[in-house]
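Engineer: Encoded as structure tokens, here's the structure I'll be asking about.
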Amino acid sequence: MYRIGDIELKQLEATIASKQLFRVGNPACGHWQQVVNFEKEFAQLIGTKHALLVSGGGTAALTCALIGLGIGPGDEVIVPAYTFMATASAVLMAGAIPVIADIDESLALSPEAFEKRISKHTKAVMPVHMIGRPADMDKIMDIARKHGLKVIEDACQCDGGSYKGHRVGSIGDAGAFSFNDFKIISCGEGGGMVTSNPDVYERASIFHDSGSAFRPYAKDFSIPVFLGQQFRATELMGAVMRGQLRRLEGILSDARRIAGRFRAELDGVKGLKIAPMNDPAGDCGISVVFTFESEAGARKFAQSPGVGAWLPIDTGKHVFTNWEPLLKKNIYHHLRMNPFYFEENKGLRADYGAEVCKKTLDICKRTAIISISPDFDEQHVAQRIEACKKAMKNWKI
Ligand SMILES: Cc1ncc(COP(=O)(O)O)c(C=O)c1O
3 MYRIGDIELK QLEATIASKQ LFRVGNPACG HWQQVVNFEK EFAQLIGTKH ALLVSGGGTA
63 ALTCALIGLG IGPGDEVIVP AYTFMATASA VLMAGAIPVI ADIDESLALS PEAFEKRISK
123 HTKAVMPVHM IGRPADMDKI MDIARKHGLK VIEDACQCDG GSYKGHRVGS IGDAGAFSFN
183 DFKIISCGEG GGMVTSNPDV YERASIFHDS GSAFRPYAKD FSIPVFLGQQ FRATELMGAV
243 MRGQLRRLEG ILSDARRIAG RFRAELDGVK GLKIAPMNDP AGDCGISVVF TFESEAGARK
303 FAQSPGVGAW LPIDTGKHVF TNWEPLLKKN IYHHLRMNPF YFEENKGLRA DYGAEVCKKT
363 LDICKRTAII SISPDFDEQH VAQRIEACKK AMKNWKI
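This is the structure in structure tokens:
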């Protein structure tokens, strides 16, 4: 749903003309500092001290955040049972074990379910702001602080969203965003990690920089260099993302206006219940979510002519029962690198049976979602709303 065009083209043209595509370079020699400047601008927008642009997507940004926080073998990390598999796979990439917990009807992690899943091994929780909708951060932060847990916000589907006036990603100890092709802002692939903790930032920077062979921009770090991955962003990514940042508020305000109109006109229609939201003002507006009493109701509504809704249960890798490699415990290429078999992880809860998060499966079946594009025109919006009203006329299941 991202918009792209002249702004990005101009940024790219200038960057290519400089013939300097590596993120490290000297501005005195014509280097544009696109990545460095994007990181400054993004941190300022989100409200954190630091940001890191990474080439490996939201998955890499989440992994950097976990590594930055020192999460590793022996640690359990609580993740919602409805999220893209990458939330859980990032935990495994850090050598820790993901523990699934139920969502509630807002489609985000249920604070009550999260608290119930805490064990003596729990080190962190990863609330996910699914389909542009902020999680219940006040409650989640209170529980996490009470139990001494770290909070990593997965804001991959919520670029620019906010919760009670704070941008998502700035509320926990670290946050991660995705800039892949399906996201609110994008450079095709890529991700952003944010934090205000200098140690988390330093560890994440070192990890993303193949052992920091190109350390000049990190010369003041206090954390000793260790080998990591190579997730450095290119100047081309930085150039596009700086253009995308200029578009973000426009995308959000158009999507919010359209989603708000759907909700205003459909709220109160008999049989149609708008799903609860943790902060309607901070919602990105990329979805309108309805809760039904049964799967049959959600399906009937979704399939009614002109409605064009979908059920979360049908979205493959977003539901824990479809996280195939994880269910089979197939992680990395070699058994000795597979966190499920680490000595430190023995006795941790690697339990992903359907019965563990039954409530999530029930909610995913009883929910219907209309995806919103900020570029829907007035006529299209009016037609879709009319189709929803028509679907509910003489409603019977
Ligand atoms: C909730 C969530 N977390 C993490 C990711 C991973 O992001 P990426 O595909 O950019 O690695 C995604 C991607 O769709 C996502 O939706």
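Take any residue in the sequence shown, note its place counting from 1, add 2, and you have its number in the numbering used here. By construction, the Cβ of each residue, glycine as well, lies at the ideal position given by its N, Cα and C atoms.
Does the Cβ of LEU109 lie closer than 7 angstroms to at least one heavy atom of ligand 1?
Structural biologist: No - ligand 1 has no heavy atom lying nearer than 7 angstroms to the Cβ of LEU109.
Engineer: For the alpha helix (DSSP H) that contains THR85, what are its first and last residues?
Structural biologist: Neither: THR85 is in no alpha helix (DSSP H) and is coded neither H nor E.
Engineer: Can you tell which of CYS66, PRO113, SER108 has the C-alpha that lies nearest to the C-alpha of THR91?
Structural biologist: Rather than Thr, the amino acid found at residue 91 in this sequence is Ser. Checked all of CYS66, PRO113, SER108; the closest Cα to SER91 is CYS66.
Engineer: Report yes or no: is there a C-beta of chain D within less than 8 angstroms of the C-beta of GLY174?
Structural biologist: Among the chains in the structure shown there is no chain D, since it carries only a single protein chain.
Engineer: By a C-beta neighbour count over all protein chains shown, 10 Å radius and 16 as the cutoff for buried, is ASP222 buried or exposed?
Structural biologist: ASP222 should be labelled exposed.
Engineer: Whose C-beta lies closer than 6 angstroms to the C-beta of PHE40 among residues of the same chain, with five residues either side of it excluded?
Structural biologist: Counting only Cβ-Cβ distances below 6 angstroms, and skipping sequence neighbours, we find LEU55, GLY240, MET243, ARG244.
Engineer: Do PHE209 and ILE69 count as a contact pair if the criterion is CB distance below 8 angstroms?
Structural biologist: Contact: yes.
Engineer: Looking at the structure shown, is LYS395 part of a helix, part of a strand, or coil, going by DSSP?
Structural biologist: It is coil, neither helix nor strand.
Engineer: Tell me whether VAL227 sits in a helix, a strand or coil according to DSSP, three-state version.
Structural biologist: VAL227 falls in the coil class under three-state DSSP.
Engineer: Could you name the residues of the same chain whose beta carbon sits closer than 7 angstroms to that of GLY59, not counting the 5 residues immediately before and after it, in chain order?
Structural biologist: Hits under 7 angstroms: SER180, ASN182, GLU191, GLY192, GLY193.
Engineer: Go through the stretch 139-178 residue by residue and report every complete run of the beta strand (DSSP E) that reaches 3 residues or more, in order.
Structural biologist: Runs found: 152-156.
Engineer: Measuring alpha carbon to alpha carbon, tell me which residue in CYS158, HIS382, ILE374, VAL79 is nearest TRP312.
Structural biologist: Among CYS158, HIS382, ILE374, VAL79, the Cα nearest to that of TRP312 is on ILE374.
Engineer: Mapping the DSSP letters down to three states, classify MET195 as helix, strand or coil.
Structural biologist: Looking at MET195 - three-state DSSP - the assignment turns out to be strand.
Engineer: Nearer than 7 angstroms: is that true of the beta carbon of ASN182 relative to any heavy atom of ligand 1?
Structural biologist: Within the cutoff, so yes.
Engineer: Any idea which residues DSSP pairs VAL37 with across the strands?
Structural biologist: For VAL37, which the question treats as bridged, DSSP gives no partner whatsoever.
Engineer: For the candidate residues ILE315, GLU267, ASN199, whose alpha-carbon lies nearest to that of LYS361?
Structural biologist: Ranking the options by Cα distance to LYS361, first place goes to ILE315.
Engineer: How is PHE292 classed by DSSP in three states: helix, strand or coil?
Structural biologist: PHE292: strand per DSSP, three-state reduction.
Engineer: Return helix, strand or coil for HIS382, following the three-state DSSP convention.
Structural biologist: Of the three classes helix, strand and coil, the one that applies to HIS382 here is helix, per DSSP.
Engineer: For the stretch 245-258 and the stretch 376-387, state whether three or more C-beta atom pairs, one from each stretch, are separated by less than 8 angstroms.
Structural biologist: In short, these stretches touch, since the Cβ pair count reaches three.
Engineer: Checking 8 angstroms against the spacing of the C-beta atoms, do VAL196 and GLY177 come in under that value?
Structural biologist: Yes, the pair counts as a contact, with Cβ atoms nearer than the cut-off.
Engineer: Short of 8 angstroms in beta carbon distance, which residues of its chain neighbour ASP285, apart from the five on each side in sequence? Order them along the chain.
Structural biologist: GLY134, ARG135, PRO136, GLY163, ARG258, ALA261, MET279, listed in sequence order.
Engineer: Would you check if there are 3 or more beta carbon pairs closer than 8 angstroms linking the stretch 26-44 to the stretch 142-154?
Structural biologist: No contact exists between the stretch 26-44 and the stretch 142-154.
Engineer: According to DSSP, simplified to helix, strand and coil, what is LYS275?
Structural biologist: The answer is strand: DSSP assigns LYS275 an E or B state.
Engineer: Kindly list the residues whose CB is nearer than 7 angstroms to the CB of PHE342, restricted to its own chain and excluding five residues on each side of it in sequence; keep chain order.
Structural biologist: LYS331, ILE333, ALA352.
Engineer: Between the alpha carbons of GLU78 and THR61, how many angstroms are there, rounded?
Structural biologist: Their Cα atoms are separated by approximately 18 angstroms.
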